[in-house]
Amino acid sequence: MPLRTMYEKIWDAHIVNEPPGQPGLLYIDRHLIHEGTCPQAFAGLKAAGRKVRRPDLTFAVMDHSVPTITKDRFLPIVDPDAAGQFAALERNCKETGVRLFDMHSANQGIVHIIGPELGITQPGLTIVCGDSHTSTHGAFGALAFGIGTSEIEHVLATQCLSQFRSKTTNVVVTGKLHRGVTAKDIILAIIGKVGIAGGNGHVFEYGGEAIRALSMEGRMTICNMSIEGGARAGMVAPDETTFAYMEGRPFVPRGKDFQESVVRWKTLPSDKGAKFDMVVELDGHKLAPQITWGTNPGMVAPVTASVPAPESYADPDQQEGVTRALEYMGLKPGTKLVDVPVDRIFIGSCTNSRIDDLRVAARVVAGKHIAKNIKGALVVPGSRVVKAQAESEGLDKVFTAAGFEWRDAGCSMCIGMNYDVLPSGERCASTSNRNFEGRQGKGGRTHLVSPMMAAAAAIAGHFVDVRDLDVAAD
Amino acid sequence: MQAFTTHTGLVLALNRVNVDTDQMIPKQFLKGLTREGYGRVLFYDWRYLPGEKPNPDFELNFPRYKGSSILLAGANFGCGSSREHAPWGILDYGFHVVIAPSYADIFYNNCFKNGILPVTLPQEEVEELFKRTEHNIGYQLTVDLPAQTVSDAQGLKYAFEVDPFRKNCLLKGLDDIGLTLEHESDISAYERKTNPHVSQFAPVDMKSPQPQPK
Chain A
-17 MPLRTMYEKI
-7 WDAHIVNEPP
3 GQPGLLYIDR
13 HLIHEGTCPQ
23 AFAGLKAAGR
33 KVRRPDLTFA
43 VMDHSVPTIT
53 KDRFLPIVDP
63 DAAGQFAALE
73 RNCKETGVRL
83 FDMHSANQGI
93 VHIIGPELGI
103 TQPGLTIVCG
113 DSHTSTHGAF
123 GALAFGIGTS
133 EIEHVLATQC
143 LSQFRSKTTN
153 VVVTGKLHRG
163 VTAKDIILAI
173 IGKVGIAGGN
183 GHVFEYGGEA
193 IRALSMEGRM
203 TICNMSIEGG
213 ARAGMVAPDE
223 TTFAYMEGRP
233 FVPRGKDFQE
243 SVVRWKTLPS
253 DKGAKFDMVV
263 ELDGHKLAPQ
273 ITWGTNPGMV
283 APVTASVPAP
293 ESYADPDQQE
303 GVTRALEYMG
313 LKPGTKLVDV
323 PVDRIFIGSC
333 TNSRIDDLRV
343 AARVVAGKHI
353 AKNIKGALVV
363 PGSRVVKAQA
373 ESEGLDKVFT
383 AAGFEWRDAG
393 CSMCIGMNYD
403 VLPSGERCAS
413 TSNRNFEGRQ
423 GKGGRTHLVS
433 PMMAAAAAIA
443 GHFVDVRDLD
453 VAAD
Chain B
200 MQAFTTHTGL
210 VLALNRVNVD
220 TDQMIPKQFL
230 KGLTREGYGR
240 VLFYDWRYLP
250 GEKPNPDFEL
260 NFPRYKGSSI
270 LLAGANFGCG
280 SSREHAPWGI
290 LDYGFHVVIA
300 PSYADIFYNN
310 CFKNGILPVT
320 LPQEEVEELF
330 KRTEHNIGYQ
340 LTVDLPAQTV
350 SDAQGLKYAF
360 EVDPFRKNCL
370 LKGLDDIGLT
380 LEHESDISAY
390 ERKTNPHVSQ
400 FAPVDMKSPQ
410 PQPK
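Line by line, the protein sequences are chains A and B.
Counting in this note's numbering, the first sequence runs from -17 upward without gaps.
Counting in this note's numbering, the second sequence runs from 200 upward without gaps.
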């Protein structure tokens, strides 16, 4: 047997057929859907007289447009378009037998939070969803990637996808992180290094001491943003941390079956000496907390840096891009990042809304209050399970006492499809994944940071180097 | 899906790199139930000023580009979100071809599913096309998929690569779900062999009675 990477092992195990010169037909083990991108797929299926092949392997949830104020979920949904999508999802699931976690379910949450939380996500599986942040699930050693609506329809009808093999990149993060430096800072630094197109055509497999030391939550944060580096999927080899996280979750095998599964999962990691198409290295020990200053996630710098000048770039396309970005962001070259004041705080999204994220943010704000210049600070747990856990630990009280709003689970201000929208011209320290123009709201200015950095910015009213704070990292 | 063979049309130059799908179709338009009608909102935030007044500084509103059907763009076109609303918008607006030095993976894939041909050309050739488009009002290109060439009336001719399988699907306008269903016996055999299933042990609440809001 030739030496294989984890990606190749999972690929090989899921190939239904692969005629020469054609894409492989890849079997899909778990298909996750949400209200935003699947209505047209169900409509297409119906129009062609086709059925959902495996409703038992398909899981639906409402997340993108759901209100995050609980009482609003009991009222008619104000936005008629969103209401239409919720009704369509409910109807489509009912007609086809797909399990739905609707907005009243105690398990509702962002699709990429609830998959792992319920144990739907498991090592060695192929997982797809009509959402680019499906890469999150790769943290368990699964092959997980985002697809378009036509592909959703394809998976509904056939439980397969036509796919070309990807190239592989081994992203090695060495060293031990300093206190105050987190998974979010690792992935932002990686994107800064490879660029937002650096991973196009590739699957990233993350490894090295710094990755091994991370919790599952941290690994999910890293895999989640693989797509922002252009890689359709990100993966971390499963290990004892993975198995410990999984055991006892509702959809995870129990007892002897679990032990057998672990034996199988242990064969997944890339063989020693398996060849990757590219290797990227990052020294975790040298890493500082990161902040994006521009309009894509690759426009990022350490908290100690200043806003760069367009002239500092050699490539004219980049110069133009940076000029445009600084104009949109309302930033002047040379301004220290710690001197940039913020208007709003958003702690949430499929990148950073898990219990670990909320705990660390709560430790930063405990006993303090948001600064006078902060116009609003939101904490949106990634799921109702996370929310309940946080409340049982009293974190909601810590946040509200500090002046934050404590909300119900959903995508919220990461994408602003409900009413959680960043007003034009306002600057937000956000734990989400995209700082594209208008992403959080037309004219809104997004700075991507870790939960610790966002919490600290809320208290100070501007960015601060969280390494200077006396707060335990975990 | 509509078949694609050759196309001749007016070229619109959108000389920017890293154009993301959030710009193509902003989030407020992702709440539809159909694949139609996204052309009107394509590049909405760039294209319109408050009150939906056309922004005269944005390329789609330049009178010279009215009726364009070939979109020429910078590298890493279509990065970000997987939303297929982006190619739906491009097609609905009237573009049948995109030409760029590179694309993000999901967007590239989504184009083929909708009968749009994304042509990849080297950076220098794309720059030459930008020059010609910007300097010649009414500049047109002919894109020939069977021959895999892009050419203009002045004798310029560039060859491009495209995967033979994707090319064939586009040329014939094939329904790829139909194609996959031809392998139904292989899919069933795979399922018998591997028995993909979910097990559930702890109760998972589907729709628990919720406490009434205070």
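Quick reminder that beta carbons are idealized off the backbone N, C-alpha and C, glycines included.
Segments assigned alpha helix (DSSP H), at least 4 residues, entirely inside the segment 52 to 78 of chain A: 62 to 78
For L209 of chain B and S147 of chain B, believed in contact at Cβ under 8 Å, the rounded distance: Nothing about residue 147 of chain B can be reported from this structure: the residues present for chain B run from 200 to 413 only.
Residue of B:S384, B:V216, B:L211 and B:Q201 minimising C-alpha distance to P298 of chain A: B:V216
Those runs of the alpha helix (DSSP H) which lie wholly inside the segment 286 to 323 of chain B and span at least 4 residues: 304 to 311
Beta-carbon gap between L344 of chain B and L370 of chain B smaller than 9 Å: yes
Contact residues within the segment 220 to 236 of chain A, judged by C-beta distance below 9 Å to chain E: The chain labelled as chain E is not found among the protein chains of the depicted structure, namely A and B.
Near-chain B residues of the segment 379 to 408 of chain A - C-beta to any C-beta below 8 Å: I397, G398 and M399
Within chain B, the residues that E0 of chain A reaches when beta carbons sit closer than 8 Å: Result: empty, since nearest Cβ-Cβ is about 10 Å, beyond 8 Å.
C-beta atoms of Q272 of chain A and S432 of chain A nearer than 9 Å: yes
Contacting residues, own chain, Cβ-Cβ under 6 Å from C75 of chain A (five flanking each side not counted): A42 and L82
9 Å Cβ cutoff, K76 of chain A in contact with chain B: no
Rounded separation between N337 of chain B and Y295 of chain A - CA only: Reading the sequence as shown, one finds Gly at residue 337 of chain B and not Asn. For G337 of chain B and Y295 of chain A, the distance between alpha carbons rounds to 34 Å.
Burial state of S398 of chain B, where buried means 16 or more other Cβ atoms lie within 10 Å: exposed
Members of the segment 240 to 262 of chain B that neighbour chain A once the beta carbon cut-off is set at 7 Å: D244
Cα-Cα separation, N214 of chain B to F261 of chain B: 14 Å
Residues in the segment 420 to 433 of chain A having any Cβ partner in chain B nearer than 7 Å: G420, R421 and K424
Helix, strand or coil at D343 of chain B according to DSSP, with G and I counted as helix: strand
For A88 of chain A and D404 of chain B, the rounded distance between their alpha carbons: 6 Å
Test item: CB-CB of L308 of chain A and V282 of chain A under 9 Å: no
For F122 of chain A, three-class secondary structure by DSSP: helix
Beta-carbon separation (whole angstroms), G130 of chain A vs P105 of chain A, contact threshold 8 Å: The pair is not a contact, with the Cβ atoms about 26 Å apart (cut-off 8 Å).
Residue ranges of each beta strand (DSSP E) within the segment 313 to 394 of chain A, 3 or longer: 326 to 329 and 358 to 361
Close beta carbons around H115 of chain A, own chain, < 6 Å, minus the five adjacent residues each side: H94, N206 and C332
Within chain A, the residues that I376 of chain B reaches when beta carbons sit closer than 8 Å: A30, R32, E135, H136, A139 and T140
Stretch-stretch touch, CB-based, cutoff 8 Å, three pairs: the segment 227 to 241 of chain A with the segment -7 to 10 of chain A: no
Contact under 9 Å by Cβ, E199 of chain A with D113 of chain A: no
Residue span of the beta strand (DSSP E) that contains Y9 of chain A, given as start and end: G6 to Y9
Cα-Cα separation between A442 of chain A and G364 of chain A, rounded to whole angstroms: 25 Å
H16 of chain A burial status per 10 Å Cβ neighbour count (16 or more: buried): buried
Cβ-based burial, P408 of chain B [other Cβ within 10 Å; buried from 16]: Only weak support exists for where P408 of chain B lies, its pLDDT of 47 falling under 50; the value from the coordinates is given anyway. P408 of chain B should be labelled exposed.
Pairwise C-alpha distance: I224 of chain B and W245 of chain B: 10 Å
Under 7 Å from the C-beta of P5 of chain A: neighbouring residues of chain B: F364
C410 of chain A: first and last residue of the uninterrupted beta strand (DSSP E) it sits in: R409 to S412
Neighbour flag for T393 of chain B against chain A, beta carbons, 9 Å: yes
H382 of chain B: contacting residues in chain A (beta-carbon distance under 9 Å): V(-2), N(-1), L7, T140 and C142
Other residues of its chain near E360 of chain B: CB distance less than 8 Å, five sequence neighbours each side excluded: T319 and Q347
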